[in-house]
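Student: I am attaching a structure below and will ask some questions about it afterwards.
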Amino acid sequence: MTWSDIAIKNSIWPPVIYYIVSIVVGVLLFVGKYYVHRRANLAGFLLYAFFVITITTVQFCLMRFGADFAKDILRIDLDVYGYESIFNGTYIFAIIYGLALPTKLKCS
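Count the sequence shown with our numbering and you get residues 137 to 244, in order.
Written out as structure tokens, the structure is:
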């Protein structure tokens, strides 16, 4: 086996960009959870919970519908089934994002 026998068919950049964006979104969701737990009233609590559920649903839809969902709804060219790491990451990030749901309501 020589170096000329190794062929890279897919680029490494789509999974790298997907993971960077997903990690940034996850961090922002947990910062939002902290903010909601400290300061938000009932309306903020409910709106943030709806927002987290929506973002989690996007991850599940990426896992279920793959490139069709990414192309038609999100308007990005992302082959989810072409990269196993992205397919598995959608499931993991959906679970992690679910943990960002607010649990404590500040009553005052």
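Glycine residues also receive a C-beta, built at the ideal position from the N, C-alpha and C atoms.
Please tell me whether Tyr155 and Val172 are closer than 8 Å, where the distance is taken between their beta carbons.
Tutor: no
Student: Relative to the alpha-carbon of Glu220, which residue among Met199, Lys240, Ala236, Phe205 has its alpha-carbon at the smallest distance?
Tutor: Met199
Student: Would you call Phe186 buried or exposed, if buried means 16 or more other Cβ atoms sit within 10 Å of its Cβ?
Tutor: exposed
Student: Determine contact between the region 197-213 and the region 168-182, defined as no fewer than three beta-carbon pairs at a distance below 8 Å.
Tutor: no
Student: Would you mind sorting Val188 into buried or exposed? The rule is 16 or more other CB atoms within 10 Å of its CB.
Tutor: Val188 comes out buried.
Student: My understanding is that Ile191 touches Tyr217, with C-beta atoms under 8 Å, so please give their C-beta distance in whole angstroms.
Tutor: Actually they do not touch by this definition, with Cβ atoms about 21 Å apart.
Student: Does the beta-carbon of Ala179 have 16 or more other beta-carbons within 10 angstroms, so that it is buried, or is it exposed?
Tutor: exposed
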